[in-house]
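Trainee: Below is the structure I would like to discuss, written out as structure tokens.
There are 2 protein chains.
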Amino acid sequence: MDKINISNKFKMFEETWTPKIITELNGQQVKLAKLKGEFVWHNHEHEDELFYVVKGELILRFRESGTNEQTEVILKPGEMIVVPAGVDHKPIAHEECHVMLIEPAGIKHTGDVQHELTKDKLDWI
Amino acid sequence: MDKINISNKFKMFEETWTPKIITELNGQQVKLAKLKGEFVWHNHEHEDELFYVVKGELILRFRESGTNEQTEVILKPGEMIVVPAGVDHKPIAHEECHVMLIEPAGIKHTGDVQHELTKDKLDWI
Chain Y
1 MDKINISNKF KMFEETWTPK IITELNGQQV KLAKLKGEFV WHNHEHEDEL FYVVKGELIL
61 RFRESGTNEQ TEVILKPGEM IVVPAGVDHK PIAHEECHVM LIEPAGIKHT GDVQHELTKD
121 KLDWI
Chain P
1 MDKINISNKF KMFEETWTPK IITELNGQQV KLAKLKGEFV WHNHEHEDEL FYVVKGELIL
61 RFRESGTNEQ TEVILKPGEM IVVPAGVDHK PIAHEECHVM LIEPAGIKHT GDVQHELTKD
121 KLDWI
């Protein structure tokens with residue numbers, strides 16, 4: 001039962017779009033990720049996902065299933081959003097952005113989309 | 001699906017030891033609380049609980065069940081800890097401290113201990 005210093009954990013990796021697990025509780029995992037550029041459109045059929053921005057700016061684009069209608073939310077440090085299960089979303093960061101994620105253990109970060117960015121197994125740091 | 005600004009949410013209440021729910025995901029709730037003074041010893045039999053310090057300093061004291069052996073951890077802003085289910089803990093804040101909590105929906109913040117600080121129903125803000 002050790003404390004976790006977020007800032008120190010972010011110093012432990014450089015890769016973008018590769019969430020690192022830092023702790024878990026009640027079947028959910030807390031992860032840190034560095035984002036830069038555009039991620040792939042995806043959703044998580046059964047899992048809600050929380051994004052909390054620690055540094056930089058995160059654009060989350062959403063689209064209605066089966067349409068091309070898109071909306072977006074811009075998150076700055078100290079801001080969070082929960083993306084409900086089933087909602088198509090696409091994270092974008094024009095400059096490097098640091099986020100904390102909360103989602104169920106075992107979830108794929110690209111959802112059902114198999115993509116070059118898909119990681120089959122995430123590391124703990 | 002609105003974004004949540006943590007700093008703005010903390011401006012919406014003054015009471016200490018009264019967690020406010022700000023969002024939920026996968027059966028877990030994210031709460032904000034202002035702490036000052038000493039809370040009551042308690043545990044949550046089946047639920048892990050995450051403490052993340054946003055402002056100030058939080059002392060979490062732990063004791064081995066059935067003994068008087070105590071240890072403590074001091075958390076500063078940007079630091080978190082998960083208190084596993086069943087572990088006796090007592091939060092202490094000498095000066096006002098702002099924390100984010102993550103725990104299952106419906107959990108009592110004083111565990112099985114009925115205390116003057118126990119709130120039967122928490123508000124959403």
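For the record, the sequence lines run as chains Y and P.
Per the UniProt record's numbering, the first sequence starts with residue 1, numbered consecutively.
Per the UniProt record's numbering, the second sequence starts with residue 1, numbered consecutively.
Cβ coordinates follow ideal geometry from the N, Cα and C atoms, glycine included.
All values reported here derive from a predicted model rather than from experimental measurement.
Please report the straight-line C-alpha distance between SER65 (chain P) and VAL113 (chain P), rounded to a whole angstrom.
Mentor: For the purposes of this step, residue 65 (chain P) is taken as residue 65 along the second sequence, with counting starting at 1. For the purposes of this step, residue 113 (chain P) is taken as residue 113 along the second sequence, with counting starting at 1. Approximately 15 Å between the Cα atoms of the pair.
Trainee: Using three-state DSSP, classify PHE51 (chain Y) as helix, strand or coil.
Mentor: On the first sequence, position 51 is the one that residue 51 (chain Y) refers to. Strand, per DSSP.
Trainee: Might you give, ordered along the chain, the residues of its own chain that have their beta carbon closer than 6 Å to the beta carbon of SER7 (chain Y), omitting 5 neighbours on each side?
Mentor: In the first sequence, residue 7 (chain Y) corresponds to position 7, counting from 1. Closer than 6 Å at Cβ, skipping near neighbours: no residue.
Trainee: Check for me: the alpha helix (DSSP H) holding LYS34 (chain Y) runs from which residue to which?
Mentor: Stepping through the first sequence from its first residue, residue 34 (chain Y) is reached at position 34. It is not in any alpha helix (DSSP H) - LYS34 (chain Y) instead sits in the beta strand (DSSP E) that spans 28-38.
Trainee: Do the CB positions of LYS108 (chain P) and PRO77 (chain P) come within less than 8 Å of each other?
Mentor: Start at 1 with the first residue of the second sequence, and residue 108 (chain P) comes out as number 108. Start at 1 with the first residue of the second sequence, and residue 77 (chain P) comes out as number 77. It is not a contact, given that the beta carbons lie outside the stated cut-off.
Trainee: Would you give the residue range spanned by the beta strand (DSSP E) that PHE62 (chain Y) belongs to?
Mentor: Your numbering for residue 62 (chain Y) matches position 62 in the first sequence. Note, PHE62 (chain Y): beta strand (DSSP E), 58-63.
Trainee: Out of P:HIS42, P:ASN68 and P:GLY27, point me to the one whose CA is closest to HIS115 (chain P)'s CA.
Mentor: Translated into the one-based positions of the second sequence, residue 115 (chain P) becomes position 115. For HIS115 (chain P), the nearest C-alpha among the options comes from P:HIS42.
Trainee: State the DSSP-derived secondary structure class of ILE125 (chain Y), mapped to helix, strand or coil.
Mentor: Locating residue 125 (chain Y) in the first sequence gives position 125, counting from the first residue. If DSSP states are grouped into helix, strand and coil, ILE125 (chain Y) belongs with coil.
Trainee: I'd like to know whether the C-beta atoms of LYS3 (chain P) and LEU75 (chain Y) end up nearer to each other than 8 Å.
Mentor: Position 3 of the second sequence, counted from the first residue, corresponds to residue 3 (chain P). Position 75 of the first sequence, counted from the first residue, corresponds to residue 75 (chain Y). The answer is yes: Cβ separation under 8 Å.
Trainee: GLY78 (chain P) touches chain Y at which residues, Cβ-Cβ below 7 Å?
Mentor: Locating residue 78 (chain P) in the second sequence gives position 78, where the first residue counts as 1. In chain order: ASN5, ILE6 and SER7.
Trainee: Would LEU50 (chain P) and LEU122 (chain P) be called neighbours here (beta carbons separated by less than 8 Å)?
Mentor: If you number the second sequence from 1, residue 50 (chain P) lands on position 50. If you number the second sequence from 1, residue 122 (chain P) lands on position 122. Cβ distance not < 8 Å, so LEU50 (chain P) and LEU122 (chain P) don't count as in contact.
Trainee: From which residue to which residue does the beta strand (DSSP E) around LYS20 (chain Y) run?
Mentor: Here residue 20 (chain Y) refers to the residue found at position 20 when the first sequence is read from its first residue. Segment 20-25, the beta strand (DSSP E) holding LYS20 (chain Y).
Trainee: For chain P, is any of its Cβ atoms less than 8 Å away from the one on VAL40 (chain Y)?
Mentor: Here residue 40 (chain Y) refers to the residue found at position 40 of the first sequence. For VAL40 (chain Y), the answer is no, since every Cβ of chain P falls outside 8 Å of its Cβ.
Trainee: Please classify TRP17 (chain Y) as buried or exposed, where buried requires at least 16 neighbouring CB atoms within 10 angstroms.
Mentor: For this step, residue 17 (chain Y) is matched to residue 17 along the first sequence. Looking at its Cβ environment, which holds 16 or more other Cβ atoms inside 10 Å, TRP17 (chain Y) is buried.
Trainee: For GLU79 (chain P), write down the residues that DSSP places opposite it in a beta bridge.
Mentor: As a working note, residue 79 (chain P) is residue 79 in the second sequence. Note: GLU79 (chain P) sits in a beta bridge opposite Y:ASN5.
Trainee: Nearer than 7 Å: is that true of the beta carbon of PRO104 (chain Y) relative to any heavy atom of the ligand GDP?
Mentor: The ligand content of the structure shown is nil, which means the ligand GDP is not present either.
Trainee: Determine which residues share a DSSP beta bridge with ILE74 (chain P) and list them.
Mentor: Position 74 of the second sequence holds residue 74 (chain P). ILE74 (chain P) pairs with P:ILE59.
Trainee: Since GLU57 (chain P) and ALA33 (chain P) are thought to touch, with beta carbons under 8 Å apart, how far apart are those beta carbons, to the nearest angstrom?
Mentor: Residue 57 (chain P) sits at position 57 when you count from the first residue of the second sequence. Residue 33 (chain P) sits at position 33 when you count from the first residue of the second sequence. 14 Å between Cβ atoms; not a contact.
Trainee: If the criterion is Cβ atoms closer than 8 Å, does the pair GLU96 (chain P) and LYS11 (chain P) meet it?
Mentor: Counting from 1 along the second sequence, the entry for residue 96 (chain P) is found at position 96. Counting from 1 along the second sequence, the entry for residue 11 (chain P) is found at position 11. No; because the gap between Cβ atoms is not below 8 Å, this pair is not in contact.
Trainee: Measuring alpha carbon to alpha carbon, tell me which of P:HIS98, P:VAL87 and P:ASN68 ends up nearest GLU47 (chain P).
Mentor: Numbered from 1 along the second sequence, position 47 holds the residue referred to as residue 47 (chain P). The shortest Cα separation from GLU47 (chain P) among P:HIS98, P:VAL87 and P:ASN68 belongs to P:VAL87.
Trainee: Taking just the CA atoms, how far does GLN29 (chain Y) sit from ILE21 (chain Y)?
Mentor: Along the first sequence, one-based indexing puts residue 21 (chain Y) at 21. Along the first sequence, one-based indexing puts residue 29 (chain Y) at 29. Taking the straight line from one Cα to the other gives about 7 Å.
Trainee: So, are the CB atoms of VAL99 (chain P) and VAL40 (chain P) less than 8 Å apart?
Mentor: Mapped onto the second sequence, residue 99 (chain P) falls at position 99. Mapped onto the second sequence, residue 40 (chain P) falls at position 40. Cβ distance not < 8 Å, so VAL99 (chain P) and VAL40 (chain P) don't count as in contact.
Trainee: To the nearest angstrom, report how far apart LEU25 (chain P) and ARG63 (chain P) are at their CA atoms.
Mentor: Here residue 25 (chain P) refers to the residue found at position 25 of the second sequence. Here residue 63 (chain P) refers to the residue found at position 63 of the second sequence. C-alpha separation (whole angstroms): 30 Å.
Trainee: DSSP puts THR16 (chain Y) in a beta bridge; with which residues?
Mentor: Against the first sequence, residue 16 (chain Y) aligns to sequence position 16. Note: THR16 (chain Y) sits in a beta bridge opposite Y:LYS34.
Trainee: Would you mind sorting residue 127 (chain Y) into buried or exposed? The rule is 16 or more other CB atoms within 10 Å of its CB.
Mentor: One cannot answer for residue 127 (chain Y) here, as it falls past the ends of chain Y, which runs 1 to 125.
Trainee: Are there 16 or more other CB atoms within 10 angstroms of the CB of PRO104 (chain Y), so buried, or fewer, so exposed?
Mentor: Counted from its first residue, the first sequence places residue 104 (chain Y) at position 104. With 16 or more Cβ atoms within 10 Å of its Cβ, PRO104 (chain Y) is classed as buried.
Trainee: Taking the DSSP output, what are the residues bridged to VAL99 (chain Y)?
Mentor: Here the question's residue 99 (chain Y) lines up with position 99 in the first sequence. According to DSSP, which records beta bridges pairwise, VAL99 (chain Y) is partnered with Y:ALA33 and Y:VAL53.
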